[in-house]
Amino acid sequence: MTRAATRQGAMFVAAITAYFALQTVLRLWLGGALETDEAEMMVMTPGLRWGYGPQLPLYNWLQWALFELFGRDLFALSLLKNLLLWATYLFVFIGLRLFVPAGVAAAGALSLYLIPDVAWEAQRATTHSNMLLFTSAITLAAFLWVLKTGRWAAFGALGLAIGLGGLAKYNYWLVPIGLIAAALTLPAFRARVLRPRLLLSLGIAGLVLAGPYGWMLGNPGLAFSSSGKLAMGTAPGLAEQALDGLGQLLAGAAILSVLAVIVGAIVWAVGRGGRAGDPPPVAALLLRAGAVVLVLMAVGVVAAGVGRITPRWLLPLVFLAVPGGAVWLGARMRPRGGVAFAAILAVLALAVLTGLGFDRYKDRARRAVDFMPLPEVLAGVAPQPGTPVVAEFYTAGNLARLRPDWRIAPYLPFAMREFGGGPVLFVLRENTPETLEQGLREAGWDDPGDPQILDQGAFTLIFTTSGEPMKMRYYLVDTPGPGGDD
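So the sequence shown is numbered by UniProt numbering: it starts at 1 and just counts up by one.
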C-alpha cells in the first residue's frame, strides 16, 4: 500500500467518524420527543428474546445491550443508529478497497450519501433499515473477500454476515442473492463462488438463523402482523395489480437514485477524460447485482400482486447499484472529478445537518410534541403503575421514556397475552388506530365484540413549535383473558 493510499484511507475514516460523531451530538442537542422508530425501541426491548414482533430481532438485541450499558435514554438510541451508519460506510470501503484504489473505494462508499433514505431518513427516523444497510455492507465486504482470496476465513465471514443480515430485515435477502447471481455471470468471479466452501457459509448462516426463524414459525401471527403493508391482492384485477405495483417500483427506484444520477452526470462532466479501458470487475458485479435485484422485485410484485411499495423497501437495489456506478465513474475520472464529488458531498452534508435542525422545529414535528403531561392524565384515569397501557409505538415509547416502571405495550398481539383478563387503558392518537375495536384486534383480541368500557374520554397534547393540539382519546376497558374469560 502506497503512502498516498494510506493517507486517502485515513482521511476517509476521519471524515465519516467526524460526521457521525457530529450527528450524534446534534440529535442530543436537538432533544425533544422520540421519533416513531426510536420510540418503538423503548417498548420492544424487554430483554434478549428470539423475536419481538413483526420486525426481525438484530436491531432490538443491540439496542437492548446499549440500554444496559448507558441507560434507556436518547444517547443509547442515537449512538446505535450512528454507529451502524458509520460502519456501513467503513465496510463498503473495506470491501471495495480489495479491488480498486483507495480514492475510488472512498467514492464508492460515500456515494451511498446520495441516496435520500441513507443521508436523510436514516438520520431522521429509521432504525431497522439502518441495520439492513450495515448487514448489507458487511455482506458485501465478506463477499468481495471471498472473490479476492477464496479463503476459508472469507467464506466463514460471509456465512456470519448472511446470518446477521437475515436477522436485520426481510428484504436483506435480495443483497446476497443479487451478488451471487451477478458473480455467476462474470467469468472472473464464477469459479470463486462455485466452490464447496460455500457450504460453510450456508451452514454458519443457518446456525445464526435457527433460533429466531424457529420463533417466527411458532408465532406467525405476531411475526407477520405487518404483512398488510404490502396491500397484496387489493387491486380488482391481476393486470391492474401488476401495472400499479410495477409503477410504484419504478417510481421508488427513481426517487432513491435520481440524486446519484444527477451528481454522477456533474462529476462526469467535470472529470471526464481520464483513463479509458474496461471498467473494474467489481463495478460490473455491483451494477449487475442491482439489475438482478430489480428483476427479482418486479417478478415478486407481479407474482404476489403487491399493491403498495414504499421507496425504502428498495434500499437493497440502490445499495448495490449506486456504489457500482460510482466505482465505474471513479476509475475513469481525472482528479478534478474527485474534487467536484467531494465538494458536492460537503454541501449536501451541510444541508442535511441544517435540515435536521429545521425538521425538529417545524410545525407538527413529531419531536416537538410535549409528552410531559401524559403520565398525569393517564394516572388520573386508572391507578398507575398497576394498570397496563396500550398505545401505538410513538405514544407508547415516549410514555415509557417518562415512566419506565409502567406496564406499556404497543398495538401488537402480545398485549392480549400479557395484559388480558383485567382493566387495560387503551390510548389512541388522532386516528391511530381509528377505533377502539380496531385497536383491540391489533392488540390480540381477535373478536372484541362489545367491549366493556369502564371509562373513556379525550385530551390533547401540544406541539411546542406551533401550539397546535394533538388530539388523543382513551378507553379503560375490562378485557377478557387469553382464554376468553374475564
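Glycine is no exception: its CB is placed at the ideal position from the N, C-alpha and C atoms.
If you're wondering where the values come from, they're calculated on a predicted model, not measured in any experiment.
Assigned exposure category for residue i - 16 Cβ within 10 Å defines buried
{"i": "residue 372", "result": "exposed"}
{"i": "residue 328", "result": "buried"}
{"i": "residue 220", "result": "exposed"}
{"i": "residue 78", "result": "buried"}
{"i": "residue 471", "result": "exposed"}
{"i": "residue 91", "result": "buried"}
{"i": "residue 419", "result": "buried"}
{"i": "residue 452", "result": "exposed"}
{"i": "residue 318", "result": "buried"}
{"i": "residue 433", "result": "buried"}
{"i": "residue 347", "result": "exposed"}
{"i": "residue 362", "result": "exposed"}
{"i": "residue 466", "result": "exposed"}
{"i": "residue 214", "result": "exposed"}
{"i": "residue 32", "result": "buried"}
{"i": "residue 398", "result": "buried"}
{"i": "residue 29", "result": "exposed"}
Residue(s) in a DSSP beta bridge with residue i
{"i": "residue 362", "result": "Paired residues: none, contrary to the question."}
{"i": "residue 455", "result": "476"}
{"i": "residue 426", "result": "390 and 475"}
{"i": "residue 409", "result": "390"}
{"i": "residue 370", "result": "462"}
{"i": "residue 469", "result": "462"}
Given residue i as reference, the closest of the options once Cα atoms are compared
{"i": "residue 177", "options": "128, 200 and 288", "result": "288"}
{"i": "residue 414", "options": "389, 398 and 29", "result": "389"}
{"i": "residue 216", "options": "35, 50, 171 and 416", "result": "50"}
{"i": "residue 281", "options": "160, 173, 10 and 179", "result": "179"}
{"i": "residue 321", "options": "175, 204 and 187", "result": "175"}
{"i": "residue 304", "options": "243, 200 and 353", "result": "243"}
{"i": "residue 306", "options": "241, 107 and 285", "result": "241"}
{"i": "residue 100", "options": "10, 342, 330 and 314", "result": "330"}
{"i": "residue 394", "options": "161, 367, 378 and 271", "result": "367"}
{"i": "residue 199", "options": "158, 283, 55 and 224", "result": "158"}
{"i": "residue 493", "options": "136, 118 and 443", "result": "In the structure as shown, the chain begins at 1 and stops at 486. Residue 493 is therefore absent and cannot be evaluated."}
{"i": "residue 427", "options": "443, 421 and 417", "result": "443"}
{"i": "residue 266", "options": "338, 294 and 285", "result": "338"}
{"i": "residue 538", "options": "60, 55, 42 and 54", "result": "Given a span of 1 to 486 for the chain in the structure shown, any question on residue 538 remains unanswerable."}
{"i": "residue 286", "options": "224, 189 and 370", "result": "189"}
{"i": "residue 191", "options": "150, 325 and 398", "result": "150"}
{"i": "residue 437", "options": "403, 296, 295 and 477", "result": "477"}
{"i": "residue 167", "options": "156, 211 and 140", "result": "211"}
{"i": "residue 357", "options": "14, 4 and 22", "result": "22"}
{"i": "residue 131", "options": "112, 406 and 165", "result": "165"}
{"i": "residue 349", "options": "40, 113 and 80", "result": "113"}
{"i": "residue 25", "options": "36, 6 and 81", "result": "81"}
{"i": "residue 461", "options": "173, 469 and 430", "result": "469"}
{"i": "residue 396", "options": "408, 343, 364 and 375", "result": "408"}
{"i": "residue 161", "options": "136, 445 and 480", "result": "136"}
{"i": "residue 344", "options": "384, 376, 264 and 332", "result": "264"}
Residue i: CB within 7 Å of a non-hydrogen atom of the ligand GDP
{"i": "residue 252", "result": "Absence of the ligand GDP from the depicted structure is noted, as is the absence of any ligand whatsoever, leaving it without description."}
CB contact below 8 Å: residue i versus chain C
{"i": "residue 54", "result": "Considering every chain present, this structure includes no chain C. It has just one protein chain."}
DSSP three-state assignment for residue i, whether helix, strand or coil
{"i": "residue 99", "result": "coil"}
{"i": "residue 463", "result": "strand"}
{"i": "residue 44", "result": "coil"}
{"i": "residue 416", "result": "helix"}
{"i": "residue 297", "result": "helix"}
{"i": "residue 185", "result": "coil"}
{"i": "residue 432", "result": "strand"}
{"i": "residue 219", "result": "coil"}
{"i": "residue 333", "result": "coil"}
{"i": "residue 59", "result": "helix"}
{"i": "residue 125", "result": "coil"}
{"i": "residue 384", "result": "coil"}
{"i": "residue 309", "result": "coil"}
{"i": "residue 176", "result": "helix"}
{"i": "residue 2", "result": "coil"}
{"i": "residue 278", "result": "coil"}
{"i": "residue 68", "result": "helix"}
{"i": "residue 196", "result": "coil"}
{"i": "residue 115", "result": "coil"}
{"i": "residue 148", "result": "helix"}
{"i": "residue 224", "result": "coil"}
{"i": "residue 81", "result": "helix"}
{"i": "residue 10", "result": "helix"}
Original post:
Between the segment 112 to 125 and the segment 79 to 89, are three or more C-beta pairs nearer than 8 Å?
Top reply: Judged by Cβ distances under 8 Å, the segment 112 to 125 makes contact with the segment 79 to 89, as three or more pairs qualify.
- Decide yes or no for the touch test of the segment 145 to 153 against the segment 93 to 104: beta carbon pairs closer than 8 Å, at least 3 of them. In short, these stretches touch, since the Cβ pair count reaches three.
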